[in-house]
Amino acid sequence: MNYRHAYHAGNHADVFKHLVLTRLIALMSRKEQPFAYLDTHAGLGLYDLRGDEASRTGEWLEGIGRLWGRQDLPDLAADYLRILGKMNPDGELRYYPGSPELARRLARQQDRVLLNEKHPQDGQLLKENMKRDPRVSVHLGEGWHVPRALLPVAEKRALMLIDPPFEQLDELKRCTQALKESISRMRQTVAAIWYPIKDDARQMTRFYNDLTSTGAPKLLRVELLVHPLETPQSLNGSGLAIANPPWGLEEELRELLPWLAEVLGQTKGSWRMDWLIAE
Ligand SMILES: C[S@@+](CC[C@H](N)C(=O)[O-])C[C@H]1O[C@@H](n2cnc3c(N)ncnc32)[C@H](O)[C@@H]1O
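Going by my numbering, the first residue of the sequence shown is number 1, and it counts up by one from there.
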């Protein structure tokens, strides 16, 4: 396990993933009924953009750095940026929330936040960063076991983020397996798989085909590129495959993504969204 998210915190892929996550939570919060948020690969929860790791790559400068201080922010980014504002009260961008911190801050009194991180040191930091919030529990285990260990949840409503480091070649396959397992254990699970997009058409086609056979009732594919696919880069962009997205998400993202592609595009930004499994 060599991957450390601290090097990449706040980059374009994080901004895209975290903005969509805040909308998923907001839309799920329209109903009073509680939900459980599950994070299979949670990371540290909190990052210091001026720290050694983030400073070494500077990736956040082309991510959250491009949104910070802008005056033309869409309303749909308000939850995300309000949290960032609270974490950086003097107006200088330094602290960045990972998915656990965003979920913890947006969860209501009746919701639960169930986090899993395998790296022992990162897991310990995650525990400390979650500030003994009684709604949060942190497991230091195997992320791929989360669907089996935690689904179905008592709340009967679950939002799961599947966000592995993609260090191993089989991780796309494991993502689709985890989704399949989640759907078979709790059909209505809202599950979002984050995945990197690089210039590897064959691998992506296999992944999309696998996604269509997960048994998810509905599956939305959302992608944001910061470089065109034909330009070889270490990361051209990223995607989210979202099973059972809450009603209204597609419409919201149609509004948000053109703006995001414009703001985050490097050689050229673009986006797409379609249904891999339609109802
Ligand atoms: C991309 S990061 C997660 C970022 C986080 N979800 C966020 O958005 O802020 C992936 C994390 O998975 C952890 N990890 C790697 N292999 C794992 C495994 N098999 N089970 C659980 N966690 C794992 C890494 O230590 C790393 O912190």
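For glycine and all other residues, C-beta sits at the position ideal for the given N, C-alpha and C.
Evaluate LYS118 with the Cβ neighbour count: other Cβ atoms within 10 Å of its Cβ, from every protein chain shown; 16 or more gives buried, anything less gives exposed.
Along the sequence shown, read from residue 1 onward, the residue named residue 118 stands at position 118. LYS118 comes out buried.
From THR231 to THR212, what distance separates their C-alpha atoms?
Here residue 231 corresponds to residue number 231 of the sequence shown, with the count starting at 1. Here residue 212 corresponds to residue number 212 of the sequence shown, with the count starting at 1. Those two C-alpha atoms are separated by around 27 Å.
Could you pull out every unbroken beta strand (DSSP E) segment of at least 3 residues lying fully inside the segment 7-83, listed in chain order?
The qualifying runs are 36-39 and 46-48.
By the DSSP assignment, the alpha helix (DSSP H) with TYR208 in it spans what residues?
Residue mapping note: residue 208 aligns to position 208 of the sequence shown, counting from 1. Per DSSP, TYR208 belongs to the alpha helix (DSSP H) from 201-212.
Do the CB positions of PHE207 and ASP111 come within less than 8 Å of each other?
Residue mapping note: residue 207 aligns to position 207 of the sequence shown, counting from 1. Residue mapping note: residue 111 aligns to position 111 of the sequence shown, counting from 1. No.
Below 7 Å, is the gap between the Cβ of ASN116 and the nearest heavy atom of ligand 3?
Ligand 3 is absent from the structure shown, which contains only ligand 1.
Please go through the segment 146-185 and give each complete alpha helix (DSSP H) segment of 4 or more residues, from N-terminal end onward.
The segment 146-185 contains these whole alpha helix (DSSP H) runs: 146-150 and 171-185.
So the alpha helix (DSSP H) ALA191 belongs to, where does it begin and stop?
Here residue 191 corresponds to residue number 191 of the sequence shown, with the count starting at 1. Element bounds for ALA191: not the alpha helix (DSSP H) but the beta strand (DSSP E), 190-197.
Would DSSP call ARG254 helix, strand or coil?
Here residue 254 is taken as the residue at index 254 of the sequence shown, counted from 1. Helix, per DSSP.
Using a Cβ-based criterion (distance less than 7 Å to any ligand heavy atom), does TYR37 qualify as near ligand 1?
The count along the sequence shown starts at 1 and reaches residue 37 at position 37. Not so, every heavy atom of ligand 1 lies at least 7 Å from the Cβ.
Please determine if the segment 150-160 and the segment 118-138 are in contact, where contact requires at least 3 C-beta pairs separated by less than 8 Å.
Counting Cβ pairs under 8 Å, fewer than three are found: no touch.
As a quick exercise: from MET204, GLY248 and LEU219, pick the residue whose alpha carbon is nearest that of SER238.
Taking the sequence shown and counting its residues from 1, one reaches residue 238 at position 238. The shortest C-alpha separation from SER238 is found at MET204.
Is SER99 a contact residue of ligand 1, with contact defined as CB to any heavy atom under 7 Å?
In the sequence shown, counting from the first residue as 1, residue 99 sits at position 99. Yes, ligand 1 has a heavy atom inside 7 Å of this Cβ.
Say the cut is 7 Å; is the CB of HIS12 nearer than that to a heavy atom of ligand 1?
Here residue 12 corresponds to residue number 12 of the sequence shown, with the count starting at 1. No, Cβ of HIS12 sits at least 7 Å from all heavy atoms of ligand 1.
Is HIS119 near ligand 1, with its Cβ less than 7 Å from a heavy atom?
To locate residue 119, count along the sequence shown from 1; it is residue 119. Yes - ligand 1 has a heavy atom lying nearer than 7 Å to the Cβ of HIS119.
For ligand 1, I want to know if PRO147 counts as a neighbour, meaning its beta carbon is within less than 7 Å of at least one of the ligand's heavy atoms.
For the purposes of this step, residue 147 is taken as the residue at position 147 of the sequence shown. Outside the cutoff, so no.
For GLY63, collect the residues of the same chain with a Cβ closer than 8 Å to its Cβ; drop the 5 residues on either side in sequence, then sort them by chain order.
Sequence index remark: in the sequence shown, residue 63 carries index 63 (1-based). Excluding positions up to five away in sequence, the list reads GLY10, ASN11, HIS12, ALA13, ASP14, VAL15 and LEU264.
Mind checking which residues open and close the alpha helix (DSSP H) that includes ASN129?
As a working note, residue 129 is residue 129 in the sequence shown. Start and end: 120-129.
With three or more C-beta pairs closer than 8 Å as the rule, is the segment 156-168 touching the segment 249-259?
No, the segment 249-259 does not touch the segment 156-168.
Three or more beta-carbon pairs under 8 Å between the segment 187-198 and the segment 68-80, yes or no?
Short answer: they don't touch.
I'd like to check one pair, SER99 with PRO147: are the Cβ atoms closer than 8 Å?
Here residue 147 refers to the residue found at position 147 of the sequence shown. Here residue 99 refers to the residue found at position 99 of the sequence shown. No; because the gap between Cβ atoms is not below 8 Å, this pair is not in contact.
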